[in-house]
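Line by line, the protein sequences are chains A and B. Position in the first sequence (from 1) plus 1136 gives the number in this note's numbering. Position in the second sequence (from 1) plus 544 gives the number in this note's numbering. Heads up: the structure comes next, in structure tokens.
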Amino acid sequence: MKDFMMIFIGADYQELGLSPEQLQDRMGKWFSWNDKMGEQGILKGGNALIPIAKRVSGPNRTITDGPFVEGKELVGGYYIVSAENADAVVKIAEDYPDYDLGGIVEIREIMVFDQ
Amino acid sequence: MEHKVVDHLFRHQYGKMVAILSQFFGLSNIETIEDAVQDTFIKATLQWRKGIPENPEAWLTKVAKNRTIDLLRKIQAKKNQLEKITSGPTFIQINELFLDHEIEDSQLRMIFVACHPSLKPKEQIAFALKTISGFSSKEIAAALLIKEETIKKRLSRARKAIIKNNIQFDFPAAHEVQNRLDRVLEVIYLTFNEGFHSTNKTKLIREDLCGEAIRLSKLLLTKEKFRSGNLYALFAIMCFHASRLESKINSANEIVSIKEQDRSKWYFPLIKIGHNAMNKAMEYDDISIYHYEAAIAAEHLKARTFEKTDWNKILTWYTKLYQLQPSAFTQLNMAIVNLQLNQFEATQQILDNIIIENLEQRKYLYYGCYAEYYAKKNATSLAIAYLDKAILKTQNNLEKDYLKKRKLELEII
Chain A
1137 MKDFMMIFIG ADYQELGLSP EQLQDRMGKW FSWNDKMGEQ GILKGGNALI
1187 PIAKRVSGPN RTITDGPFVE GKELVGGYYI VSAENADAVV KIAEDYPDYD
1237 LGGIVEIREI MVFDQ
Chain B
545 MEHKVVDHLF RHQYGKMVAI LSQFFGLSNI ETIEDAVQDT FIKATLQWRK
595 GIPENPEAWL TKVAKNRTID LLRKIQAKKN QLEKITSGPT FIQINELFLD
645 HEIEDSQLRM IFVACHPSLK PKEQIAFALK TISGFSSKEI AAALLIKEET
695 IKKRLSRARK AIIKNNIQFD FPAAHEVQNR LDRVLEVIYL TFNEGFHSTN
745 KTKLIREDLC GEAIRLSKLL LTKEKFRSGN LYALFAIMCF HASRLESKIN
795 SANEIVSIKE QDRSKWYFPL IKIGHNAMNK AMEYDDISIY HYEAAIAAEH
845 LKARTFEKTD WNKILTWYTK LYQLQPSAFT QLNMAIVNLQ LNQFEATQQI
895 LDNIIIENLE QRKYLYYGCY AEYYAKKNAT SLAIAYLDKA ILKTQNNLEK
945 DYLKKRKLEL EII
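As structure tokens, then:
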């Protein structure tokens, strides 16, 4: 088994102006996805990210405040799952709830460093 | 891990939190408060993925309060007015506001704010649905069949009116209560009717609007000073009508007329609550259109079959209703009842006296009634001609389908 990161891009609830009822509905969908992964014992961790960002760049450590990208390009969070291969993760990612809001899941294998 | 949140928790909590926070921060900050509450739900959808807090409501109110302070601080950073909120006696005070009876009290205040005379009637409904009931402008637009932009404008005008007129987050003065309460009941009844007669495809919206109207009147009934015959009667009508909500639309999303409704599907516990409310209404001296409308609804529910309906009694109630408040809709109903009684002359006389313009979007009912009149007199071609007129006048697809179906029936004859 290998570890993969599912990176969630776009579908910023704030920007989309969802109603309280819709937000609760979304949350329910995330819960059932989580539960499903939990039952299979494949979910190893993850976090949601606050959409406010700072960047440090250049030799002078210049600090810039976001936003750097539009909401639809913003990374909103990530999950780490363990799976046989990338295809298996694609299968898992089918249940991501926010495709209808324009959300994207990027799947990346986590590199294992040789001892 | 138990991943279950009470149905509609967010929507209901929206109204509660906006009311409580308005109590605390003042109505002039309503826009900031609504933003903060919205932010709180977004935060919850993200944060609760890792597990729902033990007391979700308390979590939400705490976060919303902090977010409001946060936003207000950003707005008024220079004035430095809000320092005191985070500590000391005021901090304790805001926690006390979250006790159940305080929440109810705040929501009641908000109902009176929504129905304040400085807001136009259409703004009142939009504002009430948003601020008290937690619907988004998009949802309100869908429920009322109005463009979202229009709803947004109404909401913004309502907020401006509140600030401009310095409306306080308070109950009206004793001598004003009755007047203001009348308007509150009207807004509640309108909300209910929008739900009950809604042509909206989604069952959810229909039930939600009706449910909200009933919830708000129940809330008013908790306070002795707001109880009246009117309020009990209004509550009764809504219970009576709501008991038929399930049987009004079939699984194919078609309208089922009261004649064809499966009466075993009517929800009797609600009818019983309605009757109790009517008995309560009788303990007061006031009499209103709500009393008569409740009596009419009760009469329909009493009949075991459509054929057993006591149309004479219903006609008596309609006549009294018309005497109290003449309206084209009541006239139309009286014509329909007379038709049921085969009183053709009376039917025609009433129909011809109606000023059709006053029926607004319901003009099709007038033509539909005339169609039935001719159908009963076996003048089928005239009946069909009137059905065509009715079909032309309705915007609503469900009604249109119903009328077309009726036309087909007549054509087969």
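For each residue, glycine too, the CB sits at the ideal point set by N, CA and C. Since we're looking at a predicted model, the values are computed, not measured.
Backbone secondary structure at residue i - three-state DSSP
i: Y1214 (chain A); result: strand
i: T612 (chain B); result: helix
i: A1184 (chain A); result: strand
i: V1192 (chain A); result: strand
i: D1236 (chain A); result: helix
i: E1242 (chain A); result: strand
i: I676 (chain B); result: helix
i: I799 (chain B); result: strand
i: I956 (chain B); result: helix
i: I894 (chain B); result: helix
i: A718 (chain B); result: helix
i: L778 (chain B); result: helix
i: L1179 (chain A); result: strand
i: A658 (chain B); result: helix
i: A847 (chain B); result: coil
i: I636 (chain B); result: Confidence in I636 (chain B) is poor, its pLDDT being 45 and thus under 50, which makes the residue's placement too unreliable to answer from.
i: A923 (chain B); result: coil
i: S631 (chain B); result: Residue placement at S631 (chain B) is flagged as unreliable, the pLDDT there being 49, under the threshold of 50; a coordinate-derived value is accordingly withheld.
i: I543 (chain B); result: Because chain B here runs from 545 to 957, residue 543 (chain B) falls outside it and cannot be looked at.
i: I711 (chain B); result: coil
i: I596 (chain B); result: coil
i: S742 (chain B); result: coil
Chain-ordered chain A contacts of residue i [CB-CB under 9 angstroms]
i: F671 (chain B); result: Under the 9 angstroms cutoff, chain A gives no residues; its nearest Cβ is about 16 angstroms from F671 (chain B).
i: S680 (chain B); result: G1153, L1154, S1155, P1156, E1157 and Q1158
i: T589 (chain B); result: Y1149, L1154, L1159, Q1160, R1162, M1163, W1166 and A1184
i: W603 (chain B); result: Residues of chain A passing the Cβ test: none, with the nearest at roughly 13 angstroms.
Cα-Cα separation between residue i and residue j, rounded to whole angstroms
i: L952 (chain B); j: I935 (chain B); result: 13 angstroms
i: F873 (chain B); j: E955 (chain B); result: 29 angstroms
i: F740 (chain B); j: K666 (chain B); result: 18 angstroms
i: Y908 (chain B); j: Y914 (chain B); result: 10 angstroms
i: Y1149 (chain A); j: D1250 (chain A); result: 40 angstroms
i: G1177 (chain A); j: Y1232 (chain A); result: 17 angstroms
i: R724 (chain B); j: K560 (chain B); result: 21 angstroms
i: A879 (chain B); j: Q887 (chain B); result: 9 angstroms
i: Y1214 (chain A); j: A1184 (chain A); result: 7 angstroms
i: S681 (chain B); j: K1180 (chain A); result: 39 angstroms
i: K949 (chain B); j: A687 (chain B); result: 26 angstroms
i: N940 (chain B); j: A786 (chain B); result: 21 angstroms
i: E843 (chain B); j: W861 (chain B); result: 10 angstroms
i: V1248 (chain A); j: A1229 (chain A); result: 22 angstroms
i: N823 (chain B); j: I817 (chain B); result: 10 angstroms
i: I900 (chain B); j: L926 (chain B); result: 19 angstroms
i: R1244 (chain A); j: R807 (chain B); result: 59 angstroms
i: Y911 (chain B); j: I732 (chain B); result: 29 angstroms
i: F736 (chain B); j: R593 (chain B); result: 35 angstroms
i: A563 (chain B); j: I655 (chain B); result: 9 angstroms
Per-residue contacts from residue i into chain B (C-beta, under 7 angstroms)
i: Q1160 (chain A); result: V549, L553 and F554
Limits of the unbroken beta strand (DSSP E) element including residue i
i: K1138 (chain A); result: K1138 to I1145
i: D1201 (chain A); result: T1198 to D1201
Enclosing alpha helix (DSSP H) for residue i [first to last residue]
i: I900 (chain B); result: Premise fails: I900 (chain B) is in no alpha helix (DSSP H) and is neither H nor E.
i: A1229 (chain A); result: A1222 to A1229
i: E683 (chain B); result: S681 to L688
i: A580 (chain B); result: I574 to Q591
i: T766 (chain B); result: Run containing T766 (chain B): none; DSSP gives neither H nor E here.
i: G1174 (chain A); result: P1156 to Q1176
i: E692 (chain B); result: E692 to K708
i: Q875 (chain B); result: A872 to Q884
i: W810 (chain B); result: Taken as a continuous stretch (DSSP letters only), W810 (chain B) belongs to no alpha helix (DSSP H), as it is neither H nor E.
i: N856 (chain B); result: W855 to L868
i: T938 (chain B); result: That residue, T938 (chain B), is in no alpha helix (DSSP H); it is neither H nor E in DSSP.
i: R555 (chain B); result: L553 to F569
i: Q1150 (chain A); result: Y1149 to L1152
i: I669 (chain B); result: P665 to F671
Contact list for residue i against chain A, beta-carbon separation under 8 angstroms
i: Y558 (chain B); result: P1156
i: F770 (chain B); result: None at all; the shortest Cβ gap to chain A is about 27 angstroms.
i: E683 (chain B); result: S1155 and E1157
Nearest-angstrom Cβ-Cβ length linking residue i and residue j, presumed shorter than 8 angstroms
i: H556 (chain B); j: G678 (chain B); result: 7 angstroms
i: V1225 (chain A); j: F1140 (chain A); result: 5 angstroms
i: N774 (chain B); j: S832 (chain B); result: 5 angstroms
i: Q1160 (chain A); j: L553 (chain B); result: 6 angstroms
Under 7 angstroms from the C-beta of residue i: neighbouring residues of chain A
i: I586 (chain B); result: Y1149, Q1150 and L1159
Beta carbon proximity, residue i to chain C, threshold 8 angstroms
i: P597 (chain B); result: Within the model displayed, chain C is absent; protein chains A and B are what it includes.
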